[in-house]
Amino acid sequence: MIRACLSVFRAARFPKAAYLETWLARPGADVCRVLPVLAEACDAVDKMHLMETMNRAMPGADSAN
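Counting in the working numbering, the sequence shown runs from 30 upward without gaps.
#1: Evaluate Cys61 with the Cβ neighbour count: other Cβ atoms within 10 Å of its Cβ, from every protein chain shown; 16 or more gives buried, anything less gives exposed.
#2: Near Ala33, what residues of its chain come up, given a Cβ to Cβ distance below 8 Å and the 5 sequence neighbours on each side ignored?
#3: Which residues in the same chain as Glu50 place their Cβ atom closer than 7 Å to its Cβ, once the five residues preceding and following it in sequence are excluded?
#4: From the DSSP output, in three-state form, read off Phe38 for me.
#5: Let's test the definition: count the other Cβ atoms within 10 Å of the Cβ of Ala40 and tell me whether it reaches 16, buried, or not, exposed.
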């Protein structure tokens, strides 16, 4: 799901998308440390598109919807 969200952030040209991607790809990354940047990224993109992307990325998501 994180990869799906990062693709939305990149598509929206969020300036810190590469930072988030690099940070979250680290082994044992502490997501809590980047929550402020994640919140900023979520505020910068289309909420409906982000939610649809997250729903599709969830395990067991119904591909018909």
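Note that CB positions come from ideal geometry on N, CA and C, so glycine has one too. Only a predicted model underlies this, so the values are computations on that prediction, with no experimental measurement involved.
Taking the structure as given:
#1: By the neighbour-count rule (16 or more Cβ atoms within 10 Å), Cys61 is not buried but exposed.
#2: Cβ within range, chain order: Thr82, Met83, Arg85 and Ala86.
#3: Excluding positions up to five away in sequence, the list reads Leu35.
#4: Helix at Phe38.
#5: The residue in question, Ala40, is exposed, as its Cβ has fewer than 16 Cβ neighbours within 10 Å.
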